[in-house]
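Inspection log for the structure reproduced underneath, given as structure tokens.
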Amino acid sequence: MVRKLSSLLRMLLSSNEAESQIKQVDIDLREACLVCGIVLIDSPLYKQFRVCPGCKFHYGLSARDRIQGIVDPGSFKEINRSIASIDPTSASSKSVYRARIYADQKRTGLYEAIVTGVCSIGGSATTLIALDFGFMGGSISSVVGEKVALAFEHAARRKLPLVAIVTSGGSRVHEGLLSLLQMGKITVSADRFSEKGLPLISVLANPTTGQAFASLANLADITLAEPGAIVGFSTSRAIKDSDTKSNRLPINNAESQLSYGMIDAIVDRTELNETLATLLDLTNPEFRLSYRKKTKRKQTPLPKQRAWQSVGLARHTKRPTSIDYINRIVLNFFELKGDRSTGEDPAILGGLGHLGGQTVMVIGQERGGERSGETHDGMTSPAGFRKAVRLMRLAEKFEIPVITLIDTPGPNQGAESEQQGLGNSIASTMSIMASLNVPTIAAIIGQGGSEGALALAIADRVLMMQNAIYTVMAPEEAANLMFDKSTTNEEAAESLRLTAADCLELNIVDEVVGEPLGAAHESPDAAARQLRRIILAHLTDIGDWSGFRRSRRRYRKFRQIGEFTKNLSPQTELNQSFSRFTEPSKSAASRINDAELHFQETKSLEKIDPNDHVHGVSDD
Numbered sequence: 002m003v004r005k006l007s008s009l010l011r012m013l014l015s016s017n018e019a020e021s022q023i024k025q026v027d028i029d030l031r032e033a034c035l036v037c038g039i040v041l042i043d044s045p046l047y048k049q050f051r052v053c054p055g056c057k058f059h060y061g062l063s064a065r066d067r068i069q070g071i072v073d074p075g076s077f078k079e080i081n082r083s084i085a086s087i088d089p090t091s092a093s094s095k096s097v098y099r100a101r102i103y104a105d106q107k108r109t110g111l112y113e114a115i116v117t118g119v120c121s122i123g124g125s126a127t128t129l130i131a132l133d134f135g136f137m138g139g140s141i142s143s144v145v146g147e148k149v150a151l152a153f154e155h156a157a158r159r160k161l162p163l164v165a166i167v168t169s170g171g172s173r174v175h176e177g178l179l180s181l182l183q184m185g186k187i188t189v190s191a192d193r194f195s196e197k198g199l200p201l202i203s204v205l206a207n208p209t210t211g212q213a214f215a216s217l218a219n220l221a222d223i224t225l226a227e228p229g230a231i232v233g234f235s236t237s238r239a240i241k242d243s244d245t246k247s248n249r250l251p252i253n254n255a256e257s258q259l260s261y262g263m264i265d266a267i268v269d270r271t272e273l274n275e276t277l278a279t280l281l282d283l284t285n286p287e288f289r290l291s292y293r294k295k296t297k298r299k300q301t302p303l304p305k306q307r308a309w310q311s312v313g314l315a316r317h318t319k320r321p322t323s324i325d326y327i328n329r330i331v332l333n334f335f336e337l338k339g340d341r342s343t344g345e346d347p348a349i350l351g352g353l354g355h356l357g358g359q360t361v362m363v364i365g366q367e368r369g370g371e372r373s374g375e376t377h378d379g380m381t382s383p384a385g386f387r388k389a390v391r392l393m394r395l396a397e398k399f400e401i402p403v404i405t406l407i408d409t410p411g412p413n414q415g416a417e418s419e420q421q422g423l424g425n426s427i428a429s430t431m432s433i434m435a436s437l438n439v440p441t442i443a444a445i446i447g448q449g450g451s452e453g454a455l456a457l458a459i460a461d462r463v464l465m466m467q468n469a470i471y472t473v474m475a476p477e478e479a480a481n482l483m484f485d486k487s488t489t490n491e492e493a494a495e496s497l498r499l500t501a502a503d504c505l506e507l508n509i510v511d512e513v514v515g516e517p518l519g520a521a522h523e524s525p526d527a528a529a530r531q532l533r534r535i536i537l538a539h540l541t542d543i544g545d546w547s548g549f550r551r552s553r554r555r556y557r558k559f560r561q562i563g564e565f566t567k568n569l570s571p572q573t574e575l576n577q578s579f580s581r582f583t584e585p586s587k588s589a590a591s592r593i594n595d596a597e598l599h600f601q602e603t604k605s606l607e608k609i610d611p612n613d614h615v616h617g618v619s620d621d
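All residue numbers for the sequence shown refer to the numbering used here, where the first residue is 2 and numbers rise by one.
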């Protein structure tokens, strides 16, 4: 449906006329801001970026001006410029459509509503797509769809990332169904590009709606938006016409889409070049950690302390949280937000960054410390778990390690969480993490509460801070549910075996990270240095594992947790049952009673060969 423009342009105007009239046209400068009224004509910020220095309103830019604002100077080279459609419009509308096309060509200096090319951004070679709202509203025509597909194919061949600047206001109705089907063309081209493990980053400008929003904008791995941009599939008018019962119309702008979990970040135009340069560097990792000198590490001796003391330290309001550790050990961290489904959960903090020069995906449960109310005290909702899954899949696509920082009293068990599929989101998170084909390290830095913690702990290596806890439930809850009324919280904590020393003894964690004197909150910098050093050591250990070895080791690691036997004699089983119920709060008679009851419940087990004694699964 497309061919070179040189053979078709004569249908509209002569070649000489085209050269003289189709040229870049600058958008007129405004004297005063339409929003706040401040004088703009003398503002360097407005002249360079078309941003009001007062209210920060972002005015429209042409595609070429947008390109020049983000690429390295002199690096952009346009590709596939002279592409044109074989005129698919009906005879009745042909002349009107041609006139519209010609008028917009003359006014904007573009052949169509898109510019594609190659460039460098922050030194990273990149393929670039920019839609132009000034050309028929940036709508997707056959030519636009073809140029997008060609850009994806070019990027895939050259193994280049692709950045798409999207600003579009609807459909190219003049081309009918062919315009609609360009969404399918863009989708299959983007999928083929994605199979190469290359990043697609979209930047949503004002406005981004309709077909472009439902295809190019939302197929991206990472989605940015300009402040205040109108962003959403439906316009306000369409929403009002469809939802006649509602008196309150949703505001479809960048800020609302961020709260809905649909975009990753809102980036001011003045910071877009630096942001894209950082993301392109992070999503195209070139370096991997290796040992200069490999030595065998020994577990630091752990001082003895009571379980209830660990509980208090793990819950300390000044204890470092995930963001505290990320700020200290990860460079160039860029937070990614949203689950692309139901919302944005502040209890899960995740993003890309550099650790020891290597790109990593960090996913942390953010307890919030003294600001715990803002993050729901780290209690993760289904949206948070789904966001974690999304980030894990991105890490696998880009072949970068995943590091999780665990600090939660448990999942958010409210009615809304249940309606959104809490159990399903926990199971999905565990399943995805267990199957990742990249190195994974989990570090329990504070409270490791029940399923909320386990969902992010199915990793190749599990670390635990010295004063952290890992438990099936809170000691207070256990004291009420499991024991009699005389049992104290301290006794319940001891019975739960929730300390780092207990978890190390049970082979639940691989190493305990020592803390400075007085615990991590006394010296967060020292605690972060310790954690960073041990994460780097383990990351180097497992970084070169093959996919087969990684899968096998991870399976065996969790398959062998716990000790089991099927050939105990009745007396041995009775003795074990007796020892299991030796809580200090119970009388001897009560403990014997409990042990005998347990024996009666289990003596009906089938008889097994006496030689069949299993202690987990061998790692050989």
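Quick reminder that beta carbons are idealized off the backbone N, C-alpha and C, glycines included. Keep in mind the model is a prediction, meaning the values are calculated, not measured.
{"Check": "Length of the line joining the Cα atoms of His599 and Met465", "Outcome": "With a pLDDT of 48 at His599, under the threshold of 50, the predicted position of this residue should be treated as unreliable, though the coordinate-derived value follows. So the two alpha carbons sit approximately 33 Å from each other."}
{"Check": "Same chain only: Cβ atoms within 6 Å of Asp105, ignoring 5 sequence neighbours per side", "Outcome": "Phe136 and Met137"}
{"Check": "For Ile446, the first and last residue of its enclosing beta strand (DSSP E)", "Outcome": "Thr441 to Gly450"}
{"Check": "Among Ser291, Thr376 and Leu281, nearest to Tyr333 - alpha-carbon criterion", "Outcome": "Looking at the sequence provided, one finds Asn at residue 333 rather than Tyr. The shortest C-alpha separation from Asn333 is found at Leu281."}
{"Check": "Same chain only: Cβ atoms within 6 Å of Glu1, ignoring 5 sequence neighbours per side", "Outcome": "A query on residue 1 cannot be resolved here, the shown segment of the chain reaching from 2 to 621 and no further."}
{"Check": "Outcome for Ile84 when other beta-carbon atoms lying within 10 angstroms are tallied against a minimum of 16", "Outcome": "buried"}
{"Check": "Opposing strand residues paired with Thr500 [DSSP bridges]", "Outcome": "Ile470"}
{"Check": "Glu367 - DSSP class collapsed to helix/strand/coil", "Outcome": "coil"}
{"Check": "Lys48, buried or exposed, once every other Cβ within 10 Å from all chains shown has been counted against 16", "Outcome": "exposed"}
{"Check": "For His355, the first and last residue of its enclosing beta strand (DSSP E)", "Outcome": "Ile349 to Leu356"}
{"Check": "Integer Cβ distance of Glu336 from Gly352, believed to fall under 8 Å", "Outcome": "4 Å"}
{"Check": "Alpha-carbon spacing of Leu182 relative to Ile264, whole angstroms", "Outcome": "25 Å"}
{"Check": "Exposure of Met483, with buried meaning 16 or more beta-carbon neighbours within 10 Å", "Outcome": "exposed"}
{"Check": "Residue span of the alpha helix (DSSP H) that contains Ile543, given as start and end", "Outcome": "Pro525 to Ile543"}
{"Check": "Ala460 beta carbon less than 9 Å from that of Gly411", "Outcome": "no"}
{"Check": "8 Å CB neighbourhood of Glu417 in its chain, flanking five on each side removed", "Outcome": "Ser382"}
{"Check": "Three-state secondary structure assigned by DSSP to Glu516", "Outcome": "coil"}
{"Check": "Cys120 - partner residues in DSSP beta bridges", "Outcome": "Thr127"}
{"Check": "Secondary structure of Asn274, DSSP reduced to three states", "Outcome": "helix"}
{"Check": "Meets three-Cβ-pair contact criterion under 8 Å: the region 38 to 58 and the region 114 to 130", "Outcome": "no"}
{"Check": "Bridge partner(s) assigned by DSSP for Gln258", "Outcome": "DSSP, once it has assigned bridges, lists no residue as partnering Gln258."}
{"Check": "Delimiting residues of the alpha helix (DSSP H) encompassing Leu182", "Outcome": "Leu178 to Ser195"}
{"Check": "Endpoints, alpha helix (DSSP H) assigned at Ile166", "Outcome": "Premise fails: Ile166 lies in the beta strand (DSSP E), Leu163 to Ser169, not in any alpha helix (DSSP H)."}
{"Check": "Where the alpha helix (DSSP H) containing Asn328 begins and where it ends", "Outcome": "Ser323 to Ile330"}
{"Check": "7 Å Cβ shell around Thr376 - same chain, five flanking residues per side excluded", "Outcome": "Pro347, Ala348, Glu367, Arg368 and Gly369"}
{"Check": "Inter-stretch contact (C-beta, 8 Å, three-pair minimum) for the region 507 to 522 and the region 308 to 321", "Outcome": "yes"}
{"Check": "Reduced DSSP category for Phe334 - H, G, I as helix; E, B as strand; rest coil", "Outcome": "strand"}
{"Check": "Counterpart residues of His59 in DSSP-defined beta bridges", "Outcome": "Val52"}
{"Check": "Collapsed DSSP secondary structure at Gln414 in the structure displayed", "Outcome": "coil"}
{"Check": "Nearest neighbour of Ile187, chosen from Ala150, Leu273 and Cys37 [CA to CA]", "Outcome": "Ala150"}
{"Check": "CB contact flag (Gly357, Leu537, <9 Å)", "Outcome": "yes"}
{"Check": "C-alpha distance - Phe153 paired with Ala221, whole-angstrom precision", "Outcome": "12 Å"}
{"Check": "Three CB pairs or more closer than 8 Å across the region 160 to 177 and the region 191 to 201", "Outcome": "yes"}
{"Check": "Given Ile562 as reference, the closest of Arg533, Leu532, Asp511 and Gly139 once Cα atoms are compared", "Outcome": "Asp511"}
{"Check": "From Glu492, Leu505 and Lys95, residue whose alpha carbon lies closest to that of Ile445", "Outcome": "Leu505"}
{"Check": "Cβ neighbours of Thr472 in the same chain (closer than 6 Å, five flanking residues each side left out)", "Outcome": "Leu497 and Leu499"}
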